[in-house]
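Here the structure is laid out as structure tokens; the discussion comes afterwards.
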Amino acid sequence: MNNPSKPLLALALAGLALNAYAHKPWILPSSTVVEAKDAWVTIDAAISEGLFEIDHQPIKLDGFFVNGPDGAKVPLQNATTGRLRSTFDVQLAKPGTYKVALVQQTVFGSYKLNGETKRFRGTEESLAKDVPAGAEDVKLTRNHSRLETFVSANKTDDAVLKPTGVGLELVPVTHPNDLRAGEKATWRFLLDGKPAANLGFSLIPGGVRYRGTLGEIRKNTDAKGEISFELPEPGMYLVTTIWPAPAPQVQGQPPQMQPRRVTYAATVEVLPQ
């Protein structure tokens, strides 16, 4: 298989807000609002240079989960990983809103051993073998990443929108499946359950190859971690943010390592009026 490892996905997630043109991980539902007696959606998951384009690598499906309106886990059906993307189906057996998500915690770091600098990326559980005995000048960055989208069947509700209190989370005051072009939406961002004040985030619309420009929209939250803004034209968008904001890089020096880095990304659909 040519699937990226979990550390590689975490690295891509960590770079989401650092470079608008970098490879981006994303999940894309076939529809965000389904009105049918036997409701299903298909989810694509990939890392690509062109947003929502299948041009680089799949995201491994280990760790993906779907929460239904009643809070129960919903199985991934017909799951498969190909050369460029992964895909699975979700049956929306109960009316209401579902959350599809991938949440990961990883550790990046470096150390010196016998005068040579070594770098690694892994997990809390793998630290013992990633950093050998006798290592010096150990530097670690703990990364928490969340990648998600929302789908509603026959009606919307708020059960799956309740925050967990861990990492960066979007608490959409305006329901994520009721976003309509030209209307005002209010979003609230939380960091570990508390308002993420003055948090910068971006919205990038799909279809870059047809526009020829990125079309990125940048916003900042207020002191309450909220923002109200007019929604752009219809389409699928990727919302991304990172905390803390990246420090300016000094020329000739490696990027500054933060003790902790938290990232968030979500696919949302803006519907026509």
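In this text, residue positions in the sequence shown follow our numbering: the first is 2, and each later residue adds one. Glycine included, C-beta positions come from ideal geometry on N, C-alpha and C. Values in this document were obtained by computation on a predicted structure and should not be read as measured data.
As assigned by DSSP and simplified to three states, the class of residue i
i           : result
residue 102 : strand
residue 75  : coil
residue 37  : coil
residue 46  : strand
residue 266 : strand
residue 161 : helix
residue 274 : coil
residue 194 : coil
Residues near residue i by beta carbon distance below 8 Å, same chain, minus five either side
i           : result
residue 160 : 70, 71, 72, 97, 98
residue 223 : 198, 199
residue 41  : 35, 90, 91, 92, 93
residue 57  : 24, 47, 48, 49, 50, 85
Close Cβ partners of residue i (< 7 Å) along its chain, the five nearest in sequence each way excluded
i           : result
residue 156 : 96, 97
Contact set for residue i: own chain, Cβ-Cβ below 6 Å, skip 5 residues either direction
i           : result
residue 263 : 145, 168, 169, 244
Host alpha helix (DSSP H) of residue i (start-end)
i           : result
residue 209 : 209-212
Given residue i as reference, the closest of the options once Cα atoms are compared
i           : options        : result
residue 53  : 66, 80, 87, 74 : 87
residue 270 : 173, 51, 260   : 173
residue 115 : 132, 23, 137   : 137
residue 106 : 79, 123, 117   : 123
residue 232 : 196, 240, 225  : 240
Span of the beta strand (DSSP E), counted from its first residue to its last, around residue i
i           : result
residue 204 : 201-206
residue 129 : Segment 128-131 is the alpha helix (DSSP H) holding residue 129; no beta strand (DSSP E) there.
residue 173 : 169-173
residue 56  : Unbroken run through residue 56: none, as it is neither H nor E.
residue 92  : 87-92
Assigned exposure category for residue i - 16 Cβ within 10 Å defines buried
i           : result
residue 251 : exposed
residue 45  : buried
residue 151 : buried
residue 139 : exposed
residue 266 : buried
residue 39  : exposed
residue 82  : buried
residue 178 : buried
residue 100 : buried
residue 148 : buried
residue 207 : buried
residue 261 : exposed
residue 112 : buried
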